[in-house]
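Reading through the structure tokens given below for one structure.
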Amino acid sequence: MDTLIPHQETETRLHAQEIEDFFETGWITRKALFDLDEVDRMRTCFDDLERMAANLAATGLHSGSHFVLGQKNGQQVIKRVVWAGGSQPYLLQVGADRRLTVPCSQLLRSTVLEQILSQAHFKRPYDGVIFGWHQDIQHRDKGPGTWDDVNGSGSFVQTLIVLDEMTPDSGPLMFVPGSSRWGRVDFGEHDYDSPGYIHRKPPQFREEDAITITAGPGDTLFFGPYTAHASFENRSQHYRRVLINGYACPGANHRVYPGDGSCRELSVD
Ligand SMILES: O=C(O)CCC(=O)C(=O)O
Numbered sequence: 011m012d013t014l015i016p017h018q019e020t021e022t023r024l025h026a027q028e029i030e031d032f033f034e035t036g037w038i039t040r041k042a043l044f045d046l047d048e049v050d051r052m053r054t055c056f057d058d059l060e061r062m063a064a065n066l067a068a069t070g071l072h073s074g075s076h077f078v079l080g081q082k083n084g085q086q087v088i089k090r091v092v093w094a095g096g097s098q099p100y101l102l103q104v105g106a107d108r109r110l111t112v113p114c115s116q117l118l119r120s121t122v123l124e125q126i127l128s129q130a131h132f133k134r135p136y137d138g139v140i141f142g143w144h145q146d147i148q149h150r151d152k153g154p155g156t157w158d159d160v161n162g163s164g165s166f167v168q169t170l171i172v173l174d175e176m177t178p179d180s181g182p183l184m185f186v187p188g189s190s191r192w193g194r195v196d197f198g199e200h201d202y203d204s205p206g207y208i209h210r211k212p213p214q215f216r217e218e219d220a221i222t223i224t225a226g227p228g229d230t231l232f233f234g235p236y237t238a239h240a241s242f243e244n245r246s247q248h249y250r251r252v253l254i255n256g257y258a259c260p261g262a263n264h265r266v267y268p269g270d271g272s273c274r275e276l277s278v279d
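This note's numbering numbers the first residue of the sequence shown as 11 and each following residue consecutively.
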């Protein structure tokens, strides 16, 4: 007899075509995965993080979240808030939401996930924040003993919930289709904080192949650790905030990420 799966759950699970696109093309988008009330609640958490940052003089851990700060023209820049959920319980609730964890469990082929990222990106207009061309594996595998590809297909999925309209001028995500099949390539020593946007050009990489992602509040992207991607300065008049939740197969990650309660384990039945 077939097991009865509630209607909502059938929508939560990825279809075979989406799984194929994730591995072959490198990313998938689920439109309006979170509704506007939920997006508003996430934005309220971001407002709170922004108020906290305004009272901080330097990069560091504050109330459970790690603030990475900089300066541009004498103004504070919020480069990112690592383990944003450490000070914002609602963001942790979102990180455990089945709309994220069920697809990630399918993609990782694991019913237990280690959540290693709960990260807030603000990209305020003209704040100079960029994420040069890279693959996320560069930030997961930092050398011997830090990472094991336990499932043989990357062992990591990054999700990105769009909180403000992502337009061509607001520093949108860009992806190179098919880069998910490259394995790890050498983009050089990418550091989120460095000014250059490409440090080394792997032979497979052609910037003209990149696809610019436009998306609306609540839309959610899922991409793998080898997908080449970047995003540049926000030159629009509005914020371009995103909430990133990232999940690894248990046993893949051997590093400790900053933030209270980071690297928690989530079970997905
Ligand atoms: O917020 C963004 O646009 C960039 C995200 C990104 O590149 C990353 O988290 O790896």
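Ideal Cβ placement from N, Cα and C applies to all residues, glycine included.
Please read these numbers as outputs of a predicted model, since none were measured by experiment.
Residue(s) in a DSSP beta bridge with F141: As a working note, residue 141 is residue 131 in the sequence shown. Paired residues: S241.
Pocket of ligand 1 defined by Cβ to heavy atom distance under 6 Å: H131, F141, D146, L183, H239, S241, V252, I254
L102 Cβ short of 7 Å to ligand 2 heavy atom set: Ligand 2 is not part of the structure shown, which contains ligand 1 as its ligands.
Beta-carbon gap between F56 and L173 smaller than 8 Å: Locating residue 56 in the sequence shown gives position 46, counting from the first residue. Locating residue 173 in the sequence shown gives position 163, counting from the first residue. The answer is yes: Cβ separation under 8 Å.
Residue-chain proximity (D58, chain C), Cβ-Cβ < 8 Å: As a matter of chain content, chain C is missing from the structure shown, which is built from one protein chain.
Delimiting residues of the beta strand (DSSP E) encompassing G256: Here residue 256 corresponds to residue number 246 of the sequence shown, with the count starting at 1. G256 -> beta strand (DSSP E) spans 252 to 258.
G80 (DSSP reduced to helix, strand or coil): As a first step, residue 80 must be located in the sequence shown, where it is residue number 70. Three-state result, G80: strand.
Nearest to A63 (by Cα), restricted to the options S189, A130, P113, D270: Here residue 63 refers to the residue found at position 53 when the sequence shown is read from its first residue. That would be A130, whose Cα lies nearest to the Cα of A63.
Beta-carbon proximity list for T156, same chain, < 7 Å, skipping 5 on both sides: In the sequence shown, residue 156 corresponds to position 146, counting from 1. Excluding residues within five positions, the ones whose Cβ falls inside 7 Å are H264, R265.
Where Q81 falls, given that 16 or more other Cβ within 10 Å makes a residue buried: Walking along the sequence shown from the start, residue 81 turns up at place 71. Burial call: exposed.
Uninterrupted beta strand (DSSP E) stretches inside the stretch 76 to 140 (no shorter than 3 residues): 85 to 92, 122 to 131
Uninterrupted alpha helix (DSSP H) stretches inside the stretch 39 to 80 (no shorter than 4 residues): 46 to 64
Distance between H25 and S75 (C-alpha atoms, nearest Å): On the sequence shown, position 65 is the one that residue 75 refers to. On the sequence shown, position 15 is the one that residue 25 refers to. Those two C-alpha atoms are separated by around 35 Å.
Unbroken beta strand (DSSP E) run spanning F233, endpoints: In the sequence shown, the residue the question calls residue 233 occupies position 223. Looking at the DSSP string, the run of the beta strand (DSSP E) that includes F233 is 230 to 233.
8 Å contact criterion, which Y288 and K133 should meet: CB distance rounded: Missing from the structure shown is residue 288; the chain here goes from 11 to 279 and no further.
Spatially closest choice to G188 from V49, F215, D179, T169, by CA coordinates: Start at 1 with the first residue of the sequence shown, and residue 188 comes out as number 178. Taking only the C-alpha atoms, the option nearest G188 is F215.
Three-state secondary structure (DSSP) of F166: Indexing the sequence shown from 1 puts residue 166 at position 156. F166: strand per DSSP, three-state reduction.
Classification of D279 by the beta-carbon crowding that lies within 10 angstroms, buried from 16 upward: Along the sequence shown, read from residue 1 onward, the residue named residue 279 stands at position 269. Burial call: exposed.
DSSP three-state assignment for E217, whether helix, strand or coil: Translated into positions along the sequence shown, residue 217 becomes position 207. Three-state result, E217: helix.
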